[in-house]
Every structure is written in structure tokens, then in C-alpha cells.
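Take the sequence shown: its letters are residues 12 to 419, numbered as in my numbering.
Each remark here refers to the structure printed beneath this line.
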Amino acid sequence: MKVFRYLAVSVDSIFAHKLRAALTMLGIIIGIAAVLVTVGIGSGAAASITERIESSGTNLLTISAGASRGLSSTSSLTLADADLLADATLFADIVAVAPQYSSSATVIFGSSEGSYTVVGTTANYATVRNLTVAGGAFLSDAQVAESESVAVIGDTVASDLFGADDPVGQTVRVDDTLFTVIGVLEASGGSGFGSSDSQIYVPLGSAQGRLFNAGRSNGSYAVSSISVQGAGSEVLDALQVQIEQILRLRHRLAAADENDFMIQNQADMLQIASDVSGTLTALLGSIGAVSLIVGGIGIMNIMLVSVTERTSEIGLRRALGAHDGDILLQFLVEALVLCALGGVVGIGLSFAIAQGLALLPAMSYRIVIEPWAVALALAVSTASGFIFGLYPAMRATKLDPIEALRFE
12 MKVFRYLAVS VDSIFAHKLR AALTMLGIII GIAAVLVTVG IGSGAAASIT
62 ERIESSGTNL LTISAGASRG LSSTSSLTLA DADLLADATL FADIVAVAPQ
112 YSSSATVIFG SSEGSYTVVG TTANYATVRN LTVAGGAFLS DAQVAESESV
162 AVIGDTVASD LFGADDPVGQ TVRVDDTLFT VIGVLEASGG SGFGSSDSQI
212 YVPLGSAQGR LFNAGRSNGS YAVSSISVQG AGSEVLDALQ VQIEQILRLR
262 HRLAAADEND FMIQNQADML QIASDVSGTL TALLGSIGAV SLIVGGIGIM
312 NIMLVSVTER TSEIGLRRAL GAHDGDILLQ FLVEALVLCA LGGVVGIGLS
362 FAIAQGLALL PAMSYRIVIE PWAVALALAV STASGFIFGL YPAMRATKLD
412 PIEALRFE
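What follows is the structure in C-alpha cells.
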């Protein structure tokens, strides 16, 4: 076939002008690598966000005190609300309920101290939030019922206060109260206010009465939030509506009144994160694509120069009977080969960059280069060769054979 014959001719031409071919492919190499790395950064960030959300469970509803326009000064949620939600006869689709009362406190061990979020909760919290204990144990029902002075600490808290020592069995001071550490959580990889790594968990009654002097409403202690684990992600929407209706009735809210609580659906958060990450990936990819266009223009320039340099060759081929299609195919195949080779090298470079960035301590997530992105990069590089090689090839076909043979 003619294509394979001209493929061999193109390879010979490329190797005959190695430096020019390398400089021509450089634009495509950089463009492909830029697209794959930028898209990989977006995909990696999306995977990291999704992983953190899913680590808390995809079948989770979080009910927080306060209206949607801002938190109220006093909590609108109480322990009685949590007890009602835990009633299986009313809420058959609820698997577990874990109320929380949280606030910041100073935690001291020996000469080490720090300010951390202290969460008062129940034994169900570890199940509802998918927490894993690395050493010791989580809070038990008996310890919660007796409001014992025990605590479970996150991985960051453990390293900050105890260094390489085992925290289990040690006593820490939380504000003015002593607590015995009974467990240490596995690192979740998160950071900031909401990360379990930087939190301390104590029995709910200990936090409400002993540490933070929580308020009461109708004889029931206030809680900051209530975590609800549904039977599956498919029941969360209906469960959210049911919980909203019940709580509005309990809080005696009129039809025109705004909710004095907020319900966050974990499945909705995943969808929002997916939408945002998709937009981010498209934006980063479009930025990287600019360099790919520049590389394609560079190939067109070099091919135009090549057509000029090889005018005599073109004239000789036409004098020997070569048709316009033969000339067009020869230069088009050469442009395609240059772009395809540049694409392959660019893909290899992108994986090397991804591996190198993964070694940086500041890189909190890995760059994910998806197979579809690699296939798309090859397709785009090949398309660039066709688009940007077409005009020089067409120009070669328009040369007059007599004038071409005279060209020096």
C-alpha cells in the first residue's frame, strides 16, 4: 500500500534531519505532556476529594444546629432529637445515629500542648463515620453511659503530644479535666477543622456536662450535630425529607418559618465534588491544550520549510509520473509520523513528571493520568499532524514540475 511505502520514506527523511525533527517534535512533546499533567492534577485532586468524602460513608446524613443563613447562638438540636431518630419503629431506614457536642479545648500532656477539637459522642460514631482504631479501642456503650473520663485521639494529636511514644493508657489534661487515652485512630489523611486526625473523642455526657457546660432545652442537653447512617445511599433523599418533617414538628416551626437546623446529604456532596472536579479538569486541560496548538503550528512551519527545501525532489517525482495524491500523501504521512512520535515521547514524559511530583513532600495527592487521557492525547497529536500537515502537503501539490526542476 502507498501509505506504508511513504511511511518508510518519512522515517528516512526524519532520520536524515534528526535535529530538525527533534525540534519539530518538541512542541508536540511539551504540549502532550502539559495536557496530560494538568488533566492528571485535576483528576488527582478530584480523586482525593472524593476519597475523603467517601471515607465518612456515602450513606450519611449530617444534621447540624443552626439555620441555613447562619448558626444561632444556642443549639436548636437536643439529645432528645437524636433519641427520636434512633427509634427504629419510626425510621426503619436508619441504621445508626450518633449525636455530637463539640468545641475547641487546650489539651496538655507533660510539656506538650495544643488546641484541638474535642467531640463528645457515643459508641456508634466510629461505625457511622467509618473510623478505624489503630491502637486500643473506641468508646464503649458502658463508658458513654457512665460519662467516664476516657478519650480516643486522632493520629495528628497523638504525634503532636506523644511523639513516638504509645499514647494508650496515658493521661491527658483537657482544659481542667483529666482523661485517660484508651485508643488512637488510624490516619485519615485529611487536614483542618473537620479531620478526625486533629480531633479528640470523649463520651457525650463528659463533653456536655464536665467540659463545656452545654445548655438544655425542655430538660434535654443540646448537641452540635447528629450523624445518621442510612440503610443505603438510595434511601437518603427520602430519609432526609422524613427527618426534616419530624424535626420541624418537634421544634414547633410554622409553615413560613425557616429550618433551625441544616441537613447535609453525603451523596449530594459527592455529586457536587464530581461536578466541580470535572470543571477543574476541563479548565486545566484547556490551558495545557494551548501549548499543543503552538506545537502544531511549529510543525506546520517546519513542513512548509521542508516543502521549499525539497522543491527539486517534488519536481523530479512529478516528472516521473507522481500524481497530486502521491505528493500530498508523502508530506501528510511525514507530518503524522512526527506528531505520533512526539505524542509517544510526550506521554512518557508526563508519566515521568507525575512520578517526580509524587516524591515531593508538599504534594498532598497523586497525579492520576487516566487511560482515556492517554488515548485522547495520542488521538489529538495524530489529528494535529493531519490538520497542521495538510496545508504544507497541499502546497507541495501545487508546484509546477518544470519550475520545480529549475529550483536551486
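Quick reminder that beta carbons are idealized off the backbone N, C-alpha and C, glycines included.
query: Alpha carbon of leucine 71 to alpha carbon of glutamine 275, nearest angstrom; result: 8 angstroms
query: Range of the contiguous beta strand (DSSP E) that encloses serine 170; result: No beta strand (DSSP E) contains serine 170, which is instead part of the alpha helix (DSSP H) from 166–173.
query: Closest Cα partner of glycine 309 within the set Leu34, Gly367 and Asp208; result: Leu34
query: Distance between beta carbons of leucine 88 and alanine 388, contact taken as under 8 angstroms; result: Contact flag wrong, Cβ pair sits at about 51 angstroms.
query: Cβ neighbours of glutamate 245 in the same chain (closer than 7 angstroms, five flanking residues each side left out); result: none
query: is_contact[asparagine 312, chain D] using C-beta, thresh 8 angstroms; result: Absence of chain D from the displayed structure is noted, only one protein chain being present.
query: Neighbourhood of serine 123 by C-beta distance below 6 angstroms, restricted to the same chain and skipping five residues each side; result: Leu172
query: Where the beta strand (DSSP E) through threonine 73 begins and ends; result: 71–76
query: Residue of His262, Gly307, Ile52 and Arg140 minimising C-alpha distance to serine 199; result: Arg140
query: Sequence ranges, beta strand (DSSP E) only - wholly within the region 74–154, length at least 3; result: 105–120, 123–132 and 144–147
query: Neighbourhood of leucine 401 by C-beta, 7 angstroms cutoff - its chain only, sequence neighbours within 5 removed; result: Leu343
query: Status (buried if at least 16 other CB within 10 Å, exposed otherwise) for valine 192; result: buried
query: Bounding residues of the alpha helix (DSSP H) (the contiguous stretch that carries glutamine 251); result: 247–261
query: Local conformation of leucine 30 per DSSP, three classes; result: helix
query: Straight-line Cα distance separating proline 372 from leucine 82; result: Reliability fails at leucine 82, whose pLDDT of 42 lies under 50, so the model's placement of it is uncertain and no value is given.
query: Inter-stretch contact at 8 angstroms, needing at least 3 Cβ pairs: the region 95–114 / the region 235–251; result: yes
query: Contacts around leucine 258, its chain only, beta-carbon distance under 7 angstroms, and the 5 residues preceding and following it disregarded; result: Asp92 and Phe272
query: Given glutamine 181 as reference, the closest of Ile313, Ala162 and Ile298 once Cα atoms are compared; result: Ala162
query: Anticipated Cβ contact below 8 angstroms, serine 6 with isoleucine 52, distance rounded; result: Within the shown structure, residues of the chain are numbered from 12 to 419, placing residue 6 beyond reach of any answer.
query: C-alpha distance - glutamine 219 paired with alanine 225, whole-angstrom precision; result: 5 angstroms
query: Inter-residue spacing [alpha-carbon to alpha-carbon] between serine 288 and alanine 44; result: 20 angstroms
query: Minimum C-alpha distance to alanine 134 - residue among Val213, Phe26, Ser285 and Ile358; result: Val213
query: Paired residues, beta bridge with asparagine 276 - DSSP; result: Leu72
query: Short Cβ contact (8 angstroms threshold) for methionine 311 with phenylalanine 399; result: yes
query: Cβ neighbours of leucine 222 in the same chain (closer than 8 angstroms, five flanking residues each side left out); result: Ser114, Ala116, Val129, Gly131, Val185, Asp186, Thr188 and Val213
query: Residue range of the beta strand (DSSP E) that includes glycine 241; result: 236–241
query: Beta-carbon proximity list for leucine 360, same chain, < 7 angstroms, skipping 5 on both sides; result: Ile40 and Ala44
query: Of the listed residues Leu37, His334, Asp286 and Leu250, nearest to alanine 99 (C-alpha basis); result: Leu250
query: Spatial distance of glycine 307 from isoleucine 211 (CA atoms); result: 56 angstroms
query: Within 8 angstroms, strictly: CB atoms of alanine 58 and valine 348; result: no
query: Three-state class that DSSP yields for serine 209 in the structure shown; result: helix
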